[in-house]
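Since the structure comes first, as structure tokens, the remarks are kept for the end.
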Amino acid sequence: MTNDDLIQQAAAILRSAHNLAVLTGAGVSRESGVPTFRDSQEGLWAKFDPEELATPAAFKRNPKLVWDWYEYRRSQLRQARPNPGHMALAQLEAYFPVVLIITQNVDDLHEQAGSTHVIHLHGNIARNKCFANCQGDPTLIDLAQIADDRDDGPPKCPHCGAYIRPDVVWFHEMLPADAIQDARAAAQRCDVMLVVGTSGLVQPAASLPQTARQRGAKIIEVNPSDTAITPLADIKLTGPSGVILPQLVEALSTDE
Ligand code: BV8
Ligand code: ZN
2 MTNDDLIQQA AAILRSAHNL AVLTGAGVSR ESGVPTFRDS QEGLWAKFDP
52 EELATPAAFK RNPKLVWDWY EYRRSQLRQA RPNPGHMALA QLEAYFPVVL
102 IITQNVDDLH EQAGSTHVIH LHGNIARNKC FANCQGDPTL IDLAQIADDR
152 DDGPPKCPHC GAYIRPDVVW FHEMLPADAI QDARAAAQRC DVMLVVGTSG
202 LVQPAASLPQ TARQRGAKII EVNPSDTAIT PLADIKLTGP SGVILPQLVE
252 ALSTDE
């Protein structure tokens with residue numbers, strides 16, 4: 002079966018769908034120049050394992066190291082623009098009443114591409130909050146409002162003096178209750194789940210395709226490699242999402 006045949010098959014499944022949910026991971030931002038989690042870390046961070054840095058314990062142990070890692074990633078993200086894969090997912094909104102993007106990514110490239118329903122399971126790297134959430138969860142802090150030398154490690158909360166941290170979900174932290182509830186409800190309700198650019202290793206996000214499949218949904222996976230999700234997929238479209246997703250939207254549009 003050629004990739005073209007598979008694209009046509011996937012387009013036929015999408016055409017018959019009433020409720021589409023999309024689960025994305027770091028791979029969908031790869032062609033925007035954002036390294037994935039399991040790619041070898043670029044340069045300066047080559048010697049660190051993200052799972053070692055993205056934890057509360059790492060931040061407590063070495064707040065400046067973790068803060069600098071996020072400042073470095075934020076500087077990379079400021080250069081990043083949505084790629085054709087993000088754009089294609091936004092264009093799907095022309096074919097469905099709602100296209101719910103459930104993303105594990107902490108960038109806002111789906112929103113920049115025009116997607117209007119995005120659930121962030123793991124937070125948003127551009128936002129910051131008090132580590133102690135002293136005014137409630139989350140106690141968001143606008144860094145522009147506090148004069149602080151950001152080169153000197155994490156600034157201090159103006160309310161309580163605790164360190165300020167990025168508003169992302171670290172390993173061993175709970176996901177935002179509303180985000181995971183909405184994502185699970187969408188997985189139970191959808192009749193097609195498009196899974197793009199995730200290795201399917203991080204829980205509880207990685208269980209969402211299984212939840213959808215148990216409810217009878219069709220699973221379409223887009224990834225250059227095979228992943229933990231691939232055995233669940235009705236159709237596996239092998240290739241970069243920036244190439245495959247525009248082809249999928251093109252196939253949808255040509256059969257109108
Ligand atoms: C939780 C934000 C309950 C931070 C991230 C022991 C103790 C405690 C917990 C655990 C434990 N053991 C396991 C757990 C659960 C743990 C977990 O799942 N660990 C795994 C690694 C085994 N999960 C948690 O801790 C979660 N919380 O369970 O709370 C709890 C609480 C207390 C005690 C116990 C339980 C929190 C998980 C959230 C972590 N935060 N990010 C930050 O960004 O700094 S996760 C991080 O990984 C990113 O969000 C990333 O998105 C995510 C998943 O990775 P992927 O997106 O899949 O990216 P990856 O690099 O893996 O893969 C990229 C894919 O893209 C590949 O398949 C590749 O082939 C593909 N690709 C490459 N190029 C392209 C492409 N695809 C398309 N196009 C291309 N061009
Ligand atoms: Zn505080």
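Residue numbers (our numbering): 2 to 257. By construction, the Cβ of each residue, glycine as well, lies at the ideal position given by its N, Cα and C atoms.
Ile120 and Asp168 do not touch by the CB rule: their CB atoms are close to 15 Å apart, not below 8 Å. Of all residues, those with a beta-carbon under 6 Å from at least one heavy atom of the ligand ZN are Cys131, Ala133, Cys135, Thr140, Cys158, His160, Cys161 and Ala163, reported in chain order. Contact between Lys130 and Arg75 is absent: CB atoms are separated by about 14 Å, not below the 8 Å threshold.
For Pro210, the closest alpha carbon among the candidates Pro83, Ser226, Gln204 and Ile230 is that of Ile230. Taking a contact to require three or more Cβ pairs closer than 8 Å, the segment 86-95 and the segment 55-74 do not qualify as touching. Taking a C-beta distance under 9 Å as the contact criterion, Val250 and Ile220 do not qualify as a contact pair. Where Gly124 is concerned, the enclosing beta strand (DSSP E) starts and stops at Gly124 to Cys131. Looking at Tyr96, Asp138 and Glu72, the one whose alpha-carbon comes closest to that of Ile126 is Glu72. When Pro98, Leu122 and Val100 are compared, the shortest CA-CA separation from Asp108 is found for Leu122. Looking from the CA of Thr117, the closest CA among Val223, Ile103 and Arg79 belongs to Ile103. A residue is called buried when at least 16 other Cβ atoms come within 10 angstroms of its Cβ; Ser30 meets this threshold and is buried. Counting C-beta pairs closer than 8 Å gives fewer than three between the segment 131-151 and the segment 22-36, which falls short of the contact rule. Within the model, the alpha-carbon separation for Ala55 versus Gly34 is close to 20 Å. Beta-bridge annotation (DSSP): Tyr164 is paired with Lys157. Spanning the alpha carbons of Val100 and Leu15 requires a straight line of approximately 11 Å. Residues of the same chain with a CB within less than 7 Å of the CB of Leu202, apart from the 5 flanking positions on each side, are Ala229 in chain order.
DSSP, read as helix, strand or coil, puts His111 in helix. With a cut-off of 8 Å, the C-beta of Gly34 is classified as distant from the ligand BV8, since no heavy atom of the ligand falls inside that distance.
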